[in-house]
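To start, the structure itself, in structure tokens.
Protein chains: 2
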Amino acid sequence: MSMPSAVRHINEVRVLDVVFRQGKVSRANIARELGLTRSTASSIVASLTEEGLLVEDNSEDDKSAGTGRPGTFVRLNSNYGVFIGADIGVGRLTVVALDMEARVVAQSQSNFDLADADPERIIQQLVKTVKSLTKSLSQTHTVRGLCLTAPGVIDRTGTILRAPILGWRQEPILDKLEKVLPEDLPLAAENDANAFAMAEMYRSKDESTDTEIYIFLDAGVGGAIVNSGQLLHGQDGYAGELGHIILGDEGFVELATISGSFESFIGREAVLARYRFHGGSAGNIDEFASAARRQERAALSTLTDWSFYLGRGVATLTSIFNPARIVLGGPVAMLYDLCRDQVMANVRQNLLDEHPIPEIRLSKLGPEGPAIGGASMLHKRMLSVDEELIYRRNRPPAGR
Amino acid sequence: MSMPSAVRHINEVRVLDVVFRQGKVSRANIARELGLTRSTASSIVASLTEEGLLVEDNSEDDKSAGTGRPGTFVRLNSNYGVFIGADIGVGRLTVVALDMEARVVAQSQSNFDLADADPERIIQQLVKTVKSLTKSLSQTHTVRGLCLTAPGVIDRTGTILRAPILGWRQEPILDKLEKVLPEDLPLAAENDANAFAMAEMYRSKDESTDTEIYIFLDAGVGGAIVNSGQLLHGQDGYAGELGHIILGDEGFVELATISGSFESFIGREAVLARYRFHGGSAGNIDEFASAARRQERAALSTLTDWSFYLGRGVATLTSIFNPARIVLGGPVAMLYDLCRDQVMANVRQNLLDEHPIPEIRLSKLGPEGPAIGGASMLHKRMLSVDEELIYRRNRPPAGR
DNA sequence: TATGTTTGTTTTCAATCCAAACAAACGGAA
DNA sequence: TTCCGTTTGTTTGGATTGAAAACAAACATA
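If you read the sequences in order, they're chains C and E.
Oh and the first sequence: position 84 is 83 in numbering that gives the first Met the number 0, straight run, nothing missing.
Oh and the second sequence: position 127 is 126 in numbering that gives the first Met the number 0, straight run, nothing missing.
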């Protein structure tokens, strides 16, 4: 590991991180923040400016400086480039572009036929969508990376091990994507629930929480776990299948998956089935929610049952993880607003008295969440130390 | 962050790590392994040797070198010092000493009255035990750290938030310990189940697994989760309460904790209660195991039920974590040997077909596991980069 | 004995950060 | 207005480190 470059790399990343979080900051402030000397901070800022990542910003708006010489401020150069998040959803492709400051600067959707989801064709359509999106940006922005997200288990190499919704198995999606994109473009692939979690987490720039859990309620129930800012993937990438937690002998609905699972109690089909059980009838969750809002008895009973098992599941996850926060997302999550107190009561009932209760809240992200999350992961990577570069064992086998 | 010292620190730690894992290794091999030049490796080895951490070892046993000049080997200096693990167990104090090569070199137990477990007195007794243990070693070894372990929730600061078994609450145990020990001795504190997990993990030096889960079956059921070599603590230190996972409406036994919890199905009391339910009678687990081994009908039925819920719990944890391995420990764990196939069948039944099944095995560690684990954590710290030293923000406020 | 190979050391060099000194830019006091 | 203190950014010199290359040493084999 080369000594000069490693420390320099670490410090560059840390400077970028400070600038990202503070928005507009003087060299002296960077130095103070990181425990560097002003001269070092200046040198690093100069490097990064030359590379195009930073620009000077001496706009006169708020130089609230008190005494002494005012600083010369720098900020991230939002024209440096964009990160692309490309989500393969349920019959829908969503592509977003995030700029250097992690703001969505462009977005695009297109549909595909779920019944005939040939990987090659989907990739083609995806690339087309990406290209049309980047064309409008390419005058000012360079594409600095692309992250693919999909509803399935994805391993470290970017192979989709299985994606039941798309009908894919053992699909080396990242390899295929690599072949039709510019050579040097950094690529990544991630499960959609994991990406959604990253999007949600990345909004709140505070990294003070140790553990957060994300639960996505749709027909099925998925999830993601973030520990110290890192996603838990497990050995093969299967981690986070929170819908398959077993909470009882028999769910409210018989699913193709596992009997008595979390999702067989609180997923969309479970809600509608339970509603029918109580004598109600609704074609979708919105109808059911309306019935609940007008205090219809069958709907309220259904909500009570739903709360019971959501509370049981949340309590179980709390026992395991002691998370600071549990975030609910997906189309069914909004039911939580209709029965917060019941859920919290059930959570408490299923934990020991002194056990800390996590904050539970609803996600504000919509269907473009996974795409934003994928792009956020690339953005985060830019602000993270490249461990490979520091802990490289076995120097690169020269010319093989 | 000072540039020279940081890289040096990283490289020193990496050299120590290589030497620890390889046992006896030449400078050239260290250089190759780490991608350093031989000159750099030599320089670092010289520093570490001067510090007393390494010693030359040119014993003639196995210099299986082929062609070329043979290397001069170094190994860890086992006389450099020891790490102490001190466990407060159920009426029993266990103290172990680990040498530089993570081998147990001394061990000592003593009992205390659980009904009258005054923290001050326990600490006094513990320190006495530690001192008598280290006295015999002090001729050759310096004490390099002490880790306290206890059956309770311990926060980042070393305060025991609650330890029901000991009857302690909000006990700043590490602060109190610090006052009666030499000033500069590095101290740590950890939950006993977490420490047990570290002991188990540290034996197998291969770090290739991403996630491992440890379940401890006694009267209660505890656990620990290791991800990328790191323990999951959660927000306040409560993580790993696997016994409180909820798997059904009602357990085999009514516990003071939570109805339908994992431990109310598979803990010691649950086993014995279920055995009585099936018409058997046993005063402890060993008696029950004997009955099962002689194929007694009631015992076999109990085992079947036990397997059912152990399988359900393991499947739930597998859905959440996708671990490479689940290790069972504690006095009740050995029942697993009597019904492996049943458990595995139940695990499979509660997972989707393609879901990877973790290896399940029994721990080989006995009651001194937590103490060994605590000491192992200190040993591991010696081989780990001190992030504080590298990512220090806000340089130390001089002279305050 | 000569040759090739591998090891460990020495020397030289480049990169980096820190400490200290300095010039510049500002506010406020005299 | 002028002077002084404060803060900023830059420059210079010093120290530490790792890499690269050259070299001497130690061994096996022909």
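C-beta atoms are modelled at their ideal positions from N, C-alpha and C, and glycine is treated no differently.
*Contact with chain C by GLU170(E), beta-carbon distance below 8 angstroms*: Position 171 of the second sequence, counted from the start, is the residue given in the question as residue 170(E). Output row for GLU170(E): interface = no.
*Interface residues of chain E around GLY468(C) at Cβ under 7 angstroms?*
Coverage of chain C is limited to positions 0 through 399, which leaves residue 468(C) absent and any answer about it impossible.
*asked:* Just to confirm, is the Cβ distance from LEU186(E) to LEU173(E) under 8 angstroms?
replied: As a first step, residue 186(E) is located in the second sequence; it is residue number 187 there, counting from the start. As a first step, residue 173(E) is located in the second sequence; it is residue number 174 there, counting from the start. Closer than 8 angstroms, so yes.
_Residue range of the unbroken beta strand (DSSP E) whose run includes THR148(C)_ = The sequence position of residue 148(C) within the first sequence is 149, counting from 1. Taken as a continuous stretch (DSSP letters only), the beta strand (DSSP E) holding THR148(C) covers 141-149.
*Can you tell me which of the three DSSP states SER25(E) falls into?*
Start at 1 with the first residue of the second sequence, and residue 25(E) comes out as number 26. SER25(E) falls in the strand class under three-state DSSP.
*Residue ranges of each beta strand (DSSP E) within the stretch 68-156 of chain E, 3 or longer*: 72-75, 80-87, 91-98, 103-110 and 141-149
_Neighbour-count burial assignment, ASP217(E), 16 or more Cβ in a 10 Å radius_ = Here residue 217(E) refers to the residue found at position 218 of the second sequence. With 16 or more Cβ atoms within 10 Å of its Cβ, ASP217(E) is classed as buried.
*To the nearest angstrom, report how far apart VAL384(E) and VAL12(E) are at their CA atoms.*
The residue you call residue 384(E) lines up with position 385 of the second sequence. The residue you call residue 12(E) lines up with position 13 of the second sequence. Using only the alpha carbons, I get a separation of about 6 angstroms.
*asked:* For a cutoff of 8 angstroms on Cβ pairs, would you count ARG161(E) as touching chain C?
replied: Locating residue 161(E) in the second sequence gives position 162, where the first residue counts as 1. Closer than 8 angstroms to some Cβ of chain C, the Cβ of ARG161(E) qualifies, so yes.
*If we count the other Cβ atoms within 10 Å of its Cβ and call it buried at 16 or more, is SER4(C) buried or exposed?*
Within the first sequence, numbered from 1, the residue matching residue 4(C) stands at position 5. So SER4(C) counts as exposed.
*Report buried or exposed for SER25(C), applying the criterion of at least 16 other Cβ atoms within 10 angstroms of its Cβ.*
Along the first sequence, one-based indexing puts residue 25(C) at 26. By the 10 Å Cβ count, SER25(C) comes out buried.
*Among all the DSSP beta bridges, which residues are the ones paired with ARG360(C)?*
For the purposes of this step, residue 360(C) is identified with residue 361 of the first sequence, where counting begins at 1. ARG360(C) pairs with VAL326(C).
*Leaving aside the five residues before and after THR128(C) along the sequence, list all residues of the same chain whose C-beta is less than 7 angstroms from its C-beta, in chain order.*
The residue given as residue 128(C) occupies position 129 in the first sequence. Cβ neighbours of THR128(C) beyond the five flanking positions: LEU92, VAL94, SER107 and SER109.
*My understanding is that SER306(E) touches GLN341(E), with C-beta atoms under 8 angstroms, so please give their C-beta distance in whole angstroms.*
As a working mapping, residue 306(E) is identified with position 307 in the second sequence. As a working mapping, residue 341(E) is identified with position 342 in the second sequence. Correct: roughly 4 angstroms between the Cβ atoms.
*What residues of chain E sit near HIS140(C), judged by a beta carbon separation below 9 angstroms?*
Position 141 of the first sequence holds residue 140(C). The premise fails here: HIS140(C) is roughly 31 angstroms from chain E at the closest Cβ pair, so nothing lies under 9 angstroms.
*Contact set for ILE212(E): own chain, Cβ-Cβ below 8 angstroms, skip 5 residues either direction*: Along the second sequence, read from residue 1 onward, the residue named residue 212(E) stands at position 213. Around ILE212(E): GLY222, ALA223, ILE224, VAL225, LEU241, LEU316, PHE320, PRO322, ARG324, ILE325, VAL326 and PRO357.
_Let's test the definition: count the other Cβ atoms within 10 Å of the Cβ of VAL179(C) and tell me whether it reaches 16, buried, or not, exposed._
One-based indexing of the first sequence puts residue 179(C) at position 180. VAL179(C) should be labelled exposed.
*CB contact below 8 angstroms: MET2(E) versus chain C*: In the second sequence, residue 2(E) corresponds to position 3, counting from 1. It does: the Cβ of MET2(E) has a partner Cβ on chain C nearer than 8 angstroms.
*What's the gap between the Cα of LEU350(C) and the Cα of PRO163(E)?*
Residue mapping note: residue 350(C) aligns to position 351 of the first sequence, counting from 1. Residue mapping note: residue 163(E) aligns to position 164 of the second sequence, counting from 1. Answer to the nearest angstrom: the Cα atoms are 15 angstroms apart.
*With 16 other CB atoms within 10 Å as the buried threshold, where does ASN10(C) fall?*
The sequence position of residue 10(C) within the first sequence is 11, counting from 1. Buried, by the Cβ-count rule.
*Check each residue of the stretch 337-358 of chain C: if its Cβ is closer than 9 angstroms to any Cβ of chain E, include it; give the result in chain order.*
GLN348, ASN349, LEU350, LEU351, GLU353, HIS354, PRO355 and PRO357
*Let me know the alpha helix (DSSP H) ranges lying completely inside the stretch 242-304 of chain C, each 4 residues or longer, listed in chain order.*
262-265, 267-276 and 284-292
*Relative to the C-alpha of GLY329(C), which residue among ASP285(C), ALA314(C), THR303(C) and ASP352(C) is closest?*
Stepping through the first sequence from its first residue, residue 329(C) is reached at position 330. When each option's Cα is compared against that of GLY329(C), the closest is ASP285(C).
*Since GLY22(C) contacts ARG74(C) with CB under 8 angstroms, what's their CB separation in whole angstroms?*
As a position in the first sequence, residue 22(C) is number 23, starting the count at 1. As a position in the first sequence, residue 74(C) is number 75, starting the count at 1. The pair is a contact, with the Cβ atoms about 6 angstroms apart (cut-off 8 angstroms).
*Could you name the residues that DSSP lists as bridge partners for PRO224(C)?*
Your numbering for residue 224(C) matches position 225 in the first sequence. The sequence shown places Ile at residue 224(C), not Pro. Paired residue(s): ILE212(C).
_Within the continuous beta strand (DSSP E) that includes LEU160(E), where are the two ends?_
On the second sequence, residue 160(E) is found 161 positions in, with the first residue counted as 1. Here the beta strand (DSSP E) through LEU160(E) covers 159-162.
_Neighbour-count burial assignment, SER318(E), 16 or more Cβ in a 10 Å radius_ = Here residue 318(E) corresponds to residue number 319 of the second sequence, with the count starting at 1. By the neighbour-count rule (16 or more Cβ atoms within 10 Å), SER318(E) is buried.
*From GLN124(E), ALA198(E), TYR274(E) and SER137(E), pick the residue whose C-alpha is nearest to that of LEU176(E); which is it?*
Taking the second sequence and counting its residues from 1, the one referred to as residue 176(E) is at position 177. Selected option, being the one with the closest Cα: GLN124(E).
_Using 8 angstroms for Cβ pairs, my map puts CYS146(E) next to GLY373(E). What's the rounded Cβ distance?_
Here residue 146(E) refers to the residue found at position 147 when the second sequence is read from its first residue. Here residue 373(E) refers to the residue found at position 374 when the second sequence is read from its first residue. So it is a contact: roughly 3 angstroms between Cβ atoms.
*If we cut at 8 angstroms on Cβ distances, does ASP248(C) have a partner in chain E?*
Taking the first sequence and counting its residues from 1, one reaches residue 248(C) at position 249. It does; some Cβ of chain E falls within 8 angstroms.
_Reduced DSSP secondary structure (H/G/I, E/B, other) of LEU180(E)_ = Start at 1 with the first residue of the second sequence, and residue 180(E) comes out as number 181. Correct three-state label for LEU180(E): coil.
*When burial is assigned at 16 or more other CB atoms within 10 Å of the CB, is ARG267(E) buried or exposed?*
Counted from its first residue, the second sequence places residue 267(E) at position 268. The residue in question, ARG267(E), is buried, as its Cβ has 16 or more Cβ neighbours within 10 Å.
*Exposure of LEU184(E), with buried meaning 16 or more beta-carbon neighbours within 10 Å*: Here residue 184(E) is taken as the residue at index 185 of the second sequence, counted from 1. Its Cβ having fewer than 16 others within 10 Å, LEU184(E) is exposed.
*Quick one: is GLY311(E) near chain C, going by C-beta distance under 8 angstroms?*
Sequence index remark: in the second sequence, residue 311(E) carries index 312 (1-based). As written in the sequence, residue 311(E) is Arg, which differs from the Gly given in the question. Yes, contact with chain C.
_Need the endpoints of the beta strand (DSSP E) that LEU186(E) sits in, please._
As a first step, residue 186(E) must be located in the second sequence, where it is residue number 187. Residues 186-190.
*If we count the other Cβ atoms within 10 Å of its Cβ and call it buried at 16 or more, is ALA290(C) buried or exposed?*
Here residue 290(C) refers to the residue found at position 291 of the first sequence. Classification for ALA290(C): buried.
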